[in-house]
Each structure stands twice: as C-alpha cells, then as structure tokens.
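Here the structure comes first, spelled out in structure tokens, and everything after it is commentary.
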Amino acid sequence: GAVVIYGAVLRFTPFGRYVYAIGGNEEAARLSGIAAGRVKIATYAVSGLLAGVAAVLYVAQYRQGKPDAGAGLELDAIAAVVIGGTSLMGGRGSLIGTFCGVLIFGLLS
C-alpha cells in the first residue's frame, strides 16, 4: 500500500519531480528555483516515518524489539536496488525497477 502511494506521489506531484531533479543534479535544481534543502528534509522525514512504521510492524509480528534486527541487511538492500536498475550515482531509478530488483534478489538468495 505505502509503496503504491509513495510511487504515485513521486510520479504525479511537483514534490516527486523535485526529488528526481535534486537526485539528478542538485545544483541545477537549486538554480531552477527548487528549495533543495526543504525537499531533502521532507524526503528524510518521510523516510524516517516509513522506517518507524516498518519497526512497529516488525515488533508486532515478532513480539520483540532488537536493536540489531536489521544489521547485515544493508548490502542486500543496496544490491536489490542496483539489480532493479538504479544508478548509485543518483538521478536514475524507478519504483517498478526497484520492486523487480527486490523480487529477483529474493529469488536468488
């Protein structure tokens, strides 16, 4: 649900276009009138909110909260995103590609 909603926000709203513009070239986005600082703060806030929701769901499912629950999974997440076609240099990537990358990575591991 949240993936579809956030995908629609990124694709069909000015905020989403600003996020992609800043990811592609922050200086050019700033020179075109985009408040890059505000957009980055909003993006980090949404990311933190979704991480909190994921933590609540984890605790609800496993009935325990471990501070090292996700340790060691960082490289797996990066690999899945790269398999989906996202550039590590920024500016390129799609939600569908990331989703496909996660599915492929899940099948391979």
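Those letters in the sequence shown? Residues 109 to 217, by my numbering.
C-beta atoms are modelled at their ideal positions from N, C-alpha and C, and glycine is treated no differently.
For residue 121, does the three-state DSSP call read helix, strand or coil?
coil
If you count every other CB in all the chains shown that lies within 10 Å of the CB of residue 126, and 16 or more means buried, which is it?
buried
Check whether the Cβ atoms of residue 178 and residue 193 lie closer than 8 Å to each other.
no
When you compare only the Cα positions, how much space is there between residue 186 and residue 132?
18 Å
Among 181, 122 and 188, nearest to residue 142 - alpha-carbon criterion
122
Going straight from the alpha carbon of residue 156 to that of residue 211, what length do you get?
24 Å
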